[in-house]
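In my numbering, the protein residues as written are 30 to 1237.
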């Protein structure tokens, strides 16, 4: 009945509002509304009838024990509990009826529609009477208790039985006779009602306080100012007393009780004291110690019991001790669970009675101007420490309950045997002693004790027979009985309690001193104590016999989800999950990142299991289960997402912390902030069976699926981030991918996820067997075309490319840097800052570290494609420069002679300017210089790549050479140590021969297979060792590309001798370009050299060298000739101390020419070393496009012989 009222939701809210155009259908709407509401009102009528019947029966039962002429004694303890429970149900019904505002609202609509639809009905008088009765019932506060009061005092007064109930309740509360928390809460709920009714009788109302001092009642009401009644609805004893005093006039004179403050009226100091009592956070330390101690002792008791079961012929006393210890542990477990769950109930009731008034500054921005009452009592009423304590206590309750439930079948026999032994020892030995001594001459009491023995004694397990009982008693020896796993029935337990009560009280309701008080009793204190002890044990026997149901009751925390009262008061259909207490606990564990709580993160989900079970079994409401199921689905999805994010962040941070430079950490004073605290994710990663609403969820597979997705998203982000930066970010990209890969390795130890190489290839779009151009390679090539080659300049001294200071001709369009959480970088903000500080060291240039990263990221699959693309770029750039150079050639004079010495530096410079009539060709000159610069940048880039690849080849050779039996020879060749097979092949062959020769070898075929695989590996690794030089290949490729234009750029002398006046050779063009940009670099700020760098020299000198014009260039270069003139001029005036050119301002120009000459000499010396002109035929390229290596190897081709074409 209480479930119907508690889960009642207003039907009026769902009624549609008819528009004006449908007013003619209003009668049909009234009829439909009446039919819907009539179903709900019929339930309320049933509750009305039931409460009237229950009140009548309870009153009749009380009157039956209150008549002076009654012929039966009692009531029994069981009867007292039954009356109190029925009274508690009536109190709860009355309280719900008063609290539910939707019920009278719906009834008013129901009555209105009844008036409209009943006009045409023939006879409605009886129905109107029912409506009037129901209206009075619903509109009258405390109608049920008022009706009960009338029924109880209708015939005669029932003060005696009311006082007995009050005494029983007070003693039970003071002596903790209520074994489980539901019984204690029930006593607290009915006690104020009993006091009001007992003091409102026609007789002397003060007689109650002769049996129960008022101070005892006041202490009880003050100790528990808030009583749990429903999940989100509490009761207050003082509030009940004050409200009922308006309906029971005689009670209104009890000023001492009525002056007690209600929870919201408590003074601040008292409220703080109560808060220390109610809040779990103040007791969690003691609870933690109790849990740890109980878990250890319960496990020890279980081990002893298992050892006992595996031992044959064990000692009887030891068996009794082990099983008795197991029984004590179960009793203690029940008491702990009852006490812990009661604390959760009471804390919730306290929170509901004391809503949050002030919201902290951290929450003020999140809150709107008005927020619901439920948010005040739940969402913002629990601090972080309180949520942590609640999660910990929930995990303790669930873990202890689960441990005890799993051991049900193992300990059942031990519990039954112990209970059997307790009962038989009492009825066969203790009662026998009492019959022989205390009750020997008291026939009435002796008869009751004999009845107890007859009712409960198990003589079949006794070595003595009933016939020899008298003889046993006379000799004073106790009966010996064999233990049997046969527990007493519930009827036997109730009868024993009744008979003990009869012995102690004699059926006198007014017996002073309470149930086991010694006032006026003829029973000795020792015997009374034995009876009391056994009486209380009997009460616990019933709970132990109903083992599973008791554990289910004590571990049921489903009340933490329900919020029916606040749904009605807030006028909402449902609250968001942020207001749901179970989800708040889960979210707190995930957000707090507490290692101690992490293993308990799934415990709050068991609250949903309890609430769903309560909704279906107790409340019997399917719509509540549907709401719980919907919330669980939503919450669990969010939980998996947040959990995976926490796991990913932890392993990413762990990986980033391990990959930090140790010297960097050593130099820091606060290096501990970069260390990662260990988290206990391992147990969560092993969970494959999570029970949730009757379903089994494989959490491990869900996490693995999500982690595969997160790793791919992280790789996608890293590539998107790289695409929004320049080529210098390749070092940072490699570092971040290394961190991600290492985190994948760490996580793979605990979770089965896809290989990292597969994810990386998938994100690089490099899965296909015929795909040679990965996403990263394409991006690098695109970046080199659009930004690197046009806008970066070479510094030959530092072997680095740096960004030019000039504004790009075409602005580089890049996507914006994508935003991501810190865990997509290095995990935490501190680690991000540390790694970014290293990345910034390489962000301003491109050099060898960047090339190492590029080679590692591209690998042997995509790197050849990029090399071929760059070589094709050289070829295309040369083809593009050809018409431009032709245009420059046409403007030069037909004959250019040597510069005269007699004009000095000034005259030479004037003559050069006259001969180089390129004034109208400034744009063309700049374009040619940029083209030569790009060719030089590519060639130098190839040189850096060659250095890195040679280093990798050397490392690879050092690792494989001992197994292949190779030694480095002269001129880069490799020699074999033995003419025969390599050591690795010999090793496997000899091992195979030795193993196969053994006749007990199970499978010789597999060893022969291993030997063949060793031979294949030998051939594969030897083939990969013979790699050519990338730089030599690039020079050979460039030489082949220049062969097409050799006739235009390198005219053969007509006489066979060097023609000193020729002006059409490329070296003349480059000489003029060089002196031009050197002059501009001196005159302009920033100088032109800073805009073009050293790449121009590399490009120009390489073309000159490959065209065979190095000697011509060194002889006829304008800058070289001017330097010679300057040297002669300087030698002729050595006697003067001032510079011969300082007055004319040529010092800077001459210094620039010297630097250019030194750089050109360096380039030519490198070209001579890597591509000698006398071996030019050896450096040529075959018709197939493959280079002929300069150094010949037997049966070996260049590493780039099968280089793929760009775009394939």
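The beta-carbon is built from N, C-alpha and C at its ideal position, and this holds for glycine as well.
Check: Short Cβ contact (8 angstroms threshold) for residue 1154 with residue 934; Outcome: yes
Check: Beta-carbon proximity check, residue 379 vs residue 255, cutoff 8 angstroms; Outcome: yes
Check: Limits of the beta strand (DSSP E) - the one that residue 822 falls within; Outcome: 821-824
Check: Buried versus exposed, by CB contacts within 10 Å (16 or more), residue 611; Outcome: buried
Check: At least 3 beta-carbon pairs within less than 8 angstroms: the segment 409-424 vs the segment 620-637; Outcome: yes
Check: Euclidean distance between Cα positions of residue 913 and residue 955; Outcome: 10 angstroms
Check: Residue 172 (DSSP reduced to helix, strand or coil); Outcome: helix
Check: Nonlocal neighbours in the same chain, by C-beta distance under 6 angstroms from residue 751, ignoring five residues either side; Outcome: 758, 762
Check: CA-to-CA distance, residue 1039 to residue 1051, given in whole angstroms; Outcome: 18 angstroms
Check: Cα-Cα separation, residue 772 to residue 673; Outcome: 13 angstroms
Check: Contact under 8 angstroms by Cβ, residue 711 with residue 968; Outcome: no
Check: Residue 691 in three-state terms, based on DSSP; Outcome: helix
Check: For residue 735 and residue 781, the rounded distance between their alpha carbons; Outcome: 12 angstroms
Check: Of the listed residues 668, 590, 940, 1120, nearest to residue 837 (C-alpha basis); Outcome: 1120
Check: Opposing strand residues paired with residue 997 [DSSP bridges]; Outcome: 1003
Check: Environment of residue 355 [buried if 16+ CB atoms lie within 10 Å]; Outcome: buried
Check: Residues of its chain near residue 170, where Cβ-Cβ distance is below 7 angstroms and the 5 sequence neighbours each way are ignored; Outcome: 127
Check: Limits of the alpha helix (DSSP H) - the one that residue 148 falls within; Outcome: Per DSSP, residue 148 belongs to no alpha helix (DSSP H) and is neither H nor E.
Check: Range of the contiguous alpha helix (DSSP H) that encloses residue 483; Outcome: 472-485
Check: Whole-angstrom distance between residue 125 and residue 34, CA atom to CA atom; Outcome: 6 angstroms
Check: Residue 63 versus residue 282: straight-line alpha-carbon distance, rounded; Outcome: 46 angstroms
Check: Where the beta strand (DSSP E) through residue 258 begins and ends; Outcome: 256-259
Check: Option nearest residue 328 by Cα separation, candidates 862, 440, 926; Outcome: 440
Check: For residue 574 and residue 483, the rounded distance between their alpha carbons; Outcome: 22 angstroms
Check: Cβ separation of residue 1097 and residue 921, assumed to be a contact under 8 angstroms, to the nearest whole Å; Outcome: 7 angstroms
Check: Beta-carbon contacts of residue 890 that lie in its chain and below 8 angstroms, excluding the five residues immediately before and after; Outcome: 795, 801, 803
Check: The segment 660-670 touching the segment 631-641, judged by at least three CB pairs closer than 8 angstroms; Outcome: yes
Check: Endpoints, the alpha helix (DSSP H) within which residue 725 is located; Outcome: No alpha helix (DSSP H) holds residue 725; the beta strand (DSSP E) holding it covers 724-726.
Check: Cα-Cα separation, residue 413 to residue 617; Outcome: 8 angstroms
Check: Identity of the residues DSSP links to residue 829 by a beta bridge; Outcome: 824
Check: Backbone CA spacing between residue 480 and residue 108 [nearest angstrom]; Outcome: 20 angstroms
Check: Buried/exposed call for residue 522, threshold 16 Cβ in 10 Å; Outcome: buried
Check: Neighbour flag for residue 751 against chain B, beta carbons, 8 angstroms; Outcome: Judged by its chain identifiers, the structure shown contains no chain B, having just a single protein chain.
Check: Whole alpha helix (DSSP H) elements within the segment 901-951, 4-residue minimum; Outcome: 933-944
Check: Exposure of residue 427, with buried meaning 16 or more beta-carbon neighbours within 10 Å; Outcome: buried
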